[in-house]
Amino acid sequence: MTQIISRGATWLEKLAPGAQRLSGLCDSVQVADGEINGERVRLIAVVPDANNHYPRAAKGEVGLLEGWTLAKVVHETLEADKNSEVKRPIIAVIDVPSQAYGRREEAFGIHQALAGAAGAYAKARLAGHPVIGLIVGKAMSGAFLAHGYQANRLIAINDSGVLVHAMGKESAARITLRTVDALEKLAATIPPMAYDVSNFATLGLLADLLSVSNPDAPTDADLAQVEIALQKAIADARRDPSLKNRLGAENRRSSSLVRERMRATW
1 MTQIISRGAT
11 WLEKLAPGAQ
21 RLSGLCDSVQ
31 VADGEINGER
41 VRLIAVVPDA
51 NNHYPRAAKG
61 EVGLLEGWTL
71 AKVVHETLEA
81 DKNSEVKRPI
91 IAVIDVPSQA
101 YGRREEAFGI
111 HQALAGAAGA
121 YAKARLAGHP
131 VIGLIVGKAM
141 SGAFLAHGYQ
151 ANRLIAINDS
161 GVLVHAMGKE
171 SAARITLRTV
181 DALEKLAATI
191 PPMAYDVSNF
201 ATLGLLADLL
211 SVSNPDAPTD
221 ADLAQVEIAL
231 QKAIADARRD
241 PSLKNRLGAE
251 NRRSSSLVRE
261 RMRATW
């Protein structure tokens, strides 16, 4: 099987050029330490591995190895910084097409592996690490929940190759008894159902939506734009580490109302 160069791998290298990858991990989880505005940051990406021990995770999916490895890396970062007054930012570079679907994954507890990763990111956020999710490609289903969704701030590239959803188009079409074309037409009228990142942005979950010239081969100007956005997101996360910034959009009005009523009831 030919090794695939993903957007996640491309942007990881661009943000930490020539940086040595953390050793002792599965090949599909790449970790590098870089700098943003002179500050050390830890960058984490899930990338394709054609020789993955679990074939269902060969194309960048988040599976058993990936989930537990993400958890391990984030916990080790927490431990390394536990006595530091200023916690190191953690940047999740997100390009994940799905969680890994397979009988072995289900039998061996992929739900626990993904929960372990999500829990580690949440723990880091609550411990004071600015956790930033940079969506450069697909951010799909349980893979996104495990790698990036727990971030203090989410940044996305405004490009047709950036998709955010709970389920792939083909799968969603099957369970709703529609063609993919019919599903796309329906989704275009309902922002939470849409796949494109511009509709996702209307839900208020993004801190920034960036238009770069070439997401697949970023220029120096593209890199500078992303680094400025990351720098701003890190500063914002330190000022306000909560997730309340996600709730102010018009298309989240009902969510905010439900939260208010639940709070009043309790």
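Reading the sequence shown from the start, the letters are residues 1 to 266 in full-length UniProt numbering. Even for Gly, the Cβ is constructed at its ideal location relative to N, Cα and C.
Beta-carbon contacts of residue i that lie in its chain and below 8 Å, excluding the five residues immediately before and after
i	result
M1	For M1, the predicted structure reports a pLDDT of 42, less than 50, and the residue's modelled location is therefore unreliable. The matter cannot be settled from this model.
R21	Q30, V31, A32
Which listed residue (the options) has its alpha carbon closest to that of residue i
i	options	result
L78	S141, V93, A229, A120	A120
N37	S213, L247, K232, D240	K232
D216	G34, G137, G148	G137
S242	V131, N251, V180	V131
L70	I91, D81, H53	I91
V73	D95, S23, V197, H53	S23
E76	K123, P191, Q112	K123
V162	A80, A187, M140	M140
M193	N214, A115, S213, K169	K169
P191	G60, L257, R252	R252
K82	L126, V258, L206	L126
R27	I110, L183, G63, G102	Looking at the sequence itself, residue 27 is Asp, so the reference to Arg does not match. Out of I110, L183, G63, G102, G63 has the C-alpha closest to the C-alpha of D27.
V164	D95, G128, G102	D95
S160	R88, Y195, W68, H111	Y195
Q99	M167, R40, V41	M167
R56	A115, T219, I110	I110
L230	R174, R246, G133, L183	G133
D240	A207, A182, T176, S256	A207
Contact test: residue i Cβ vs the ligand NAD heavy atom, cutoff 7 Å
i	result
F144	Ligands are entirely absent from the displayed structure, and the ligand NAD is therefore not among its contents.
Close beta carbons around residue i, own chain, < 7 Å, minus the five adjacent residues each side
i	result
A249	T202, L203, G204
R238	P130
A264	none
A19	A32, D33, G34
residue 303	The requested residue 303 is not part of the displayed model; the chain covers only 1 to 266.
H147	V46, V62, L70, A92, I94, V96, A117
D222	V212, S213, N214
N199	P191
R40	D33, R88
S256	L247
Where the beta strand (DSSP E) containing residue i begins and where it ends
i	result
R42	39 to 46
L163	163 to 165
I94	90 to 96
I36	29 to 36
Cβ-based neighbour list, residue i, same chain, cut-off 6 Å, excluding 5 preceding and 5 following
i	result
L145	A118
S211	N158
E260	none
L209	A156, N158, A201
A16	A32, G34, L43
G128	K87
Span of the alpha helix (DSSP H) around residue i
i	result
S256	253 to 265
is_contact[residue i, chain C] using C-beta, thresh 8 Å
i	result
L134	Absence of chain C from the displayed structure is noted, only one protein chain being present.
Which ranges does the alpha helix (DSSP H) cover as unbroken runs of at least 4 residues, wholly within the stretch 60 to 88, from first to last along the chain?
Segments of the alpha helix (DSSP H) lying fully in the stretch 60 to 88: 64 to 80.
For the pair the stretch 101 to 108 and the stretch 153 to 162, tell me if three or more CB-CB distances fall below 8 Å.
The stretch 101 to 108 is not in contact with the stretch 153 to 162.
Counting only runs of 4+ residues fully inside the stretch 187 to 244, write out the alpha helix (DSSP H) ranges in chain order.
Within the stretch 187 to 244, the alpha helix (DSSP H) runs of at least 4 residues that lie entirely inside it are, in chain order, 197 to 201, 220 to 239.
Uninterrupted alpha helix (DSSP H) stretches inside the stretch 123 to 156 (no shorter than 4 residues)
At a cut-off of 4 residues, the continuous stretches assigned as alpha helix (DSSP H) that sit fully inside the stretch 123 to 156 are 141 to 146.
For the stretch 217 to 227 against the stretch 11 to 27, do three or more pairs of beta-carbon atoms, one drawn from each stretch, fall closer than 8 Å, so that the two count as touching?
Segments in contact, yes.
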